[in-house]
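Line order of the protein sequences matches chains H and D.
Using the numbering used here, you'd call the opening residue of the first sequence number 14 and step up by one each time.
Using the numbering used here, you'd call the opening residue of the second sequence number 14 and step up by one each time.
Where is the CB? At the ideal position from N, CA and C, for every residue including glycine.
Since the model is a prediction, treat every value here as computed from it, not as a measurement.
Number of protein chains: 2
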Amino acid sequence: MTTHQSSDPETIKALEAFLDEEDYGSVLELLRDMHPADQAKFFYSLKPEQREILLEKLEVPEIADIFDELDDKQTLSAAKDLPLPFLADIIDDMDPDEAADLLGDLSKQEVKKTISLMEEPEEVLPLLRYPDETAGGRMTTDFLSLSPGDTVEQAIEFLRSTGLETDIPYYLFVVDQNRKLKGVIGFRELVFAHPDQKIADIMDDQVISVQPMQDQEEAARVMKHYDLQALPVVNQHHQLVGVISHDDILDVLIDESTEDIYRLASVSDTTLEPESRLLVQLKGRLPWLLLNTVTALIGSWVISNFGDLFVKVAVLAFFQSVVAAQGGNAASQNVAMIVRSLALGKVKPRQILFILLRQIVVGISLGILIGVIVGVGVGLWQANPWLGLVLGLALLGNMLVASIVGTLAPLLLDLLGQDPALASSVLVTAITDSIGFLIFLSLAAKFLPLIQQYV
Amino acid sequence: MTTHQSSDPETIKALEAFLDEEDYGSVLELLRDMHPADQAKFFYSLKPEQREILLEKLEVPEIADIFDELDDKQTLSAAKDLPLPFLADIIDDMDPDEAADLLGDLSKQEVKKTISLMEEPEEVLPLLRYPDETAGGRMTTDFLSLSPGDTVEQAIEFLRSTGLETDIPYYLFVVDQNRKLKGVIGFRELVFAHPDQKIADIMDDQVISVQPMQDQEEAARVMKHYDLQALPVVNQHHQLVGVISHDDILDVLIDESTEDIYRLASVSDTTLEPESRLLVQLKGRLPWLLLNTVTALIGSWVISNFGDLFVKVAVLAFFQSVVAAQGGNAASQNVAMIVRSLALGKVKPRQILFILLRQIVVGISLGILIGVIVGVGVGLWQANPWLGLVLGLALLGNMLVASIVGTLAPLLLDLLGQDPALASSVLVTAITDSIGFLIFLSLAAKFLPLIQQYV
């Protein structure tokens with residue numbers, strides 16, 4: 014598939030064979046030819062005892078490269094049993110933002126100890142201050158900055174002396190002596206400017222930035238909107254404290270999408286994976302199922318108020334679920350559209366009434382179409398036109414309710430500062446279920462004599 | 014929020030006021046100070062007649078910048094009524110990949126005419142060959158390449174002469190005289206290398222690339238895995254035909270997540286928005302609701318086979334939906350986890366059996382917990398221990414079924430080359446509904462005399 018991809022199945026097989034033969038010289042040789050991303054993938058696929066051996070054989074900077082590429086959770090599981098002095102060396106060599114994430118996952122005592130053992134904790138310390146899901150929690154301190162008063166020649170000389178390794182290779186941020194952000198310049202623009210020009214004269218002083226406590230999702234939206242490869246983070250004094258890079262925004266978008274998909278499907282733990290351990294699964298799935306137990310029993314209670322009906326016309330028990338299910342499906346469609354629109358920042362407050370009205374019209378239209386189809390179909394199947402009529406009307410009513418609830422619930426949660434995806438199927442469906450039963454059985458009670466004529 | 018953001022509410026208000034006063038001089042002045050992304054956002058928020066006036070007043074390159082920033086659908090709606098010679102001028106000035114997307118949305122005849130009117134169709138033509146959702150459909154031809162035999166000095170001189178505008182500003186691709194991809198080099202590495210060195214000696218010859226007909230999702234995964242800011246696309250002769258840039262992968266990830274969320278919620282049109290027109294909504298939502306009508310009626314048919322039961326014990330009609338609903342929710346949780354794992358490339362074939370076994374254990378555990386809670390609760394509520402027992406056992410059985418179906422359905426679809434998200438709630442829930450009714454009512458029929466003792 015790719016020109017040179019170091020993770021091809023044959024290399025992996027060879028690696029596994031060498032590991033089985035305990036020929037670690039060959040393992041290391043093959044591994045060192047691989048891209049760190051592939052090294053990390055291979056490393057994580059190993060059994061814990063094999064990983065342990067590799068960690069003994071690899072050099073500290075090599076381990077740091079692998080840890081930089083692993084997920085936060087994977088890094089923690091690989092790091093948690095290492096002796097702290099060894100771990101401190103590795104963290105010293107890691108990218109500051111990845112290092113901060115790893116430290117953030119350790120216990121307070123371990124963090125204190127590890128930092129005291131580190132040679133250069135200065136790069137990591139400022140990053141530990143911000144929660145994981147903020148712009149500050151995503152940024153890195155590994156970027157290059159220039160002074161506005163320098164000439165292009167001085168700036169290039171300075172960059173030449175700093176070496177090549179940095180997380181943000183292309184954009185250079187211009188800060189004054191108080192570290193206040195003044196501008197930005199691309200590496201190419203710098204190189205092709207006249208050597209005597211001042212940085213202040215050629216930089217772009219319209220820099221878009223965010224603050225460290227802003228939500229990472231907001232930062233991702235800004236980067237996406239302006240097509241930025243790097244986004245500076247400034248504190249309230251407008252001092253540059255970090256930079257978010259393009260790969261961070263990918264992670265944010267992926268995490269946020271996973272969160273939405275999981276919440277919409279009533280999975281509360283967004284780190285849950287199909288292969289997660291039993292207890293983790295139960296913890297991440299049981300709460301919403303229990304909540305649904307309550308809401309489902311409310312549905313049962315609604316039905317129980319019409320208990321006599323079933324004795325008289327058992328056929329009603331066959332179709333009540335159809336009304337509930339179609340309402341639930343229509344509501345899920347609405348919730349998905351609103352949640353996605355909100356996540357992509359597309360819903361404007363002044364549109365809300367318009368959207369609600371449109372969705373009411375859509376709900377009525379869907380209700381009429383589905384109502385007629387099911388009503389006529391069931392009316393013929395059961396040779397009972399009044400049953401068909403009641404079923405069709407109930408479907409229409411419940412799909413109208415579904416449009417309103419499915420549209421308003423996520424919008425309301427968003428207005429209240431909550432995650433709109435919490436209006437997951439479970440909650441909204443609970444409402445459409447109960448109301449579906451209520452409409453259908455009330456109508457059936459009203460039309461009972463007519464329905465009974467044909468039973 | 015941002016240091017200098019040109020789309021602040023006051024600017025927008027001023028713009029709207031000037032527009033109302035038909036003071037187009039001031040509108041253009043304000044607009045030209047804004048970031049193109051904000052210009053595009055403002056432009057799209059206008060009424061069609063206002064947009065028309067702006068299109069008359071703006072210069073062609075300004076319109077091209079705005080079109081580059083709009084979504085494909087938005088660009089089309091703004092472009093579709095323009096005279097073709099004018100449109101051809103605009104497309105000449107657009108980014109090649111955006112231009113190709115726009116041309117791809119026009120009719121065949123319009124495309125032919127527009128291309129014949131363009132001054133430089135060469136950049137766009139090769140992009141028209143590939144379907145939208147492939148690597149070729151996402152790539153741009155607006156990148157810079159070097160010859161392996163040139164010296165660093167010659168290369169820098171060449172780059173200086175090409176000017177600064179390019180979609181891929183940082184990475185320089187090295188191709189031989191047959192346009193075969195030989196290596197890649199970062200702009201900084203180039204600038205800081207010795208002027209006499211040959212490009213071939215300093216380039217990285219381990220270039221990761223994809224082929225134009227590969228799925229865009231695969232390209233996005235490669236870019237994410239290797240943290241690439243630009244991914245070269247090569248044909249079967251290994252000639253460089255285009256480059257995918259970092260903002261394209263963002264679009265791919267966002268589109269694919271929207272698609273998954275919509276499909277899981279049974280919305281078949283992934284471009285649907287809450288404010289889309291009625292007919293578009295019906296087209297995007299009705300098909301799955303109709304399918305669900307069929308599956309819901311299959312559930313009704315299952316129940317109808319137990320019609321006599323309700324006449325004898327109406328209380329059964331209260332609780333059949335609880336069994337169905339809990340199975341559906343558990344299955345949705347499984348589907349969401351598997352779909353997400355597959356989308357992120359995390360499920361390995363050899364894990365499938367392990368995942369299935371784990372999910373069966375999880376399903377049984379959830380079933381026991383929920384079964385006991387609901388069984389005991391309803392047994393006490395209805396003062397009917399046998400009803401409670403039947404309900405608990407049915408919940409256990411249906412949640413076991415849910416784990417199996419919810420896990421296998423998306424995996425199976427993926428194996429068949431279909432989108433695993435098609436195993437949406439509707440389909441999987443249909444199965445858990447019918448089987449839920451079947452288990453509960455069969456058990457109830459078996460235990461009928463015992464249940465009836467307490468009615």
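Can you find a C-beta in chain H that's less than 8 Å from the C-beta of residue i?
i       : result
F156(D) : no
A327(D) : yes
H17(D)  : The pLDDT assigned to H17(D) is 42, lower than 50, so where the model puts this residue is not dependable; a value taken from the coordinates is nonetheless given after this. Yes, H17(D) lies at the interface with chain H (some Cβ there is under 8 Å from its Cβ).
I373(D) : no
S447(D) : no
Q294(D) : yes
Less than 8 Å separating the beta-carbons of residue i and residue j?
i       : j       : result
L355(H) : I267(D) : no
V441(D) : G410(D) : no
V165(D) : L140(D) : no
S416(H) : G376(H) : yes
F80(D)  : I103(D) : yes
Q229(D) : G150(D) : yes
I452(D) : W399(D) : no
I212(D) : A168(D) : yes
L277(D) : V352(D) : yes
M152(H) : I257(H) : yes
F331(H) : I316(D) : yes
L454(D) : L329(D) : yes
F205(H) : L185(H) : no
F450(D) : A337(D) : yes
What did DSSP end up calling residue i once you bin it into helix, strand or coil?
i       : result
S39(D)  : helix
T15(H)  : Caution applies to T15(H), whose pLDDT of 41 falls short of 50 and renders its modelled position unreliable; the model cannot decide the point.
Q52(H)  : helix
Y10(H)  : Since the displayed chain H opens at 14 and closes at 468, residue 10(H) lies outside it and no answer follows.
S378(D) : helix
I464(D) : helix
P362(H) : helix
A113(H) : helix
S160(H) : coil
L253(D) : strand
F186(H) : strand
D214(D) : helix
T147(D) : strand
S289(D) : coil
K93(D)  : coil
Alpha carbons only, please: which of the options is nearest the one belonging to residue i?
i       : options                            : result
I128(H) : N318(H), D155(H), G150(H), L100(H) : L100(H)
P462(D) : D427(D), R173(D), L322(D)          : L322(D)
L404(H) : S416(H), G380(H), A349(H)          : G380(H)
I221(H) : L41(H), H238(H), L310(H), P208(H)  : H238(H)
Q346(D) : I274(H), K54(H), E65(H)            : I274(H)
V389(H) : T306(D), P398(D), A206(D), V375(D) : T306(D)
L95(H)  : D84(H), E111(H), D110(H), I76(H)   : I76(H)
P49(D)  : T179(D), N191(D), V360(D), P74(D)  : P74(D)
K195(D) : D217(D), P109(D), P423(D)          : D217(D)
S279(D) : D189(H), M350(H), S90(H), F319(H)  : M350(H)
Q395(D) : A338(D), K26(D), V468(D)           : V468(D)
I198(H) : V235(H), L159(H), Q224(H)          : L159(H)
Cβ of residue i less than 8 Å from any chain D Cβ?
i       : result
T175(H) : no
N411(H) : no
F332(H) : yes
A457(H) : no
F367(H) : yes
N305(H) : yes
R353(H) : yes
T420(H) : yes
V256(H) : no
Mind listing the chain B neighbours of residue i? Cutoff is C-beta to C-beta under 9 Å, in chain order.
i       : result
L302(H) : Chain labels in this structure do not include chain B; the protein chains are H and D.
What residues from the stretch 194-228 of chain D come within 8 Å of chain H, judged by C-beta to C-beta, listed N to C? L194, G199, F200, R201, E202, V204, F205, D218, Q219, V220, I221, S222, V223, Q224, Q227
Scan the stretch 394-410 of chain D for residues whose Cβ lies nearer than 7 Å to a Cβ of chain H and list them as they occur along the chain. none
Output, in sequence order along the chain, the residues in the stretch 72-90 of chain D whose CB is closer than 7 Å to any CB in chain H. none
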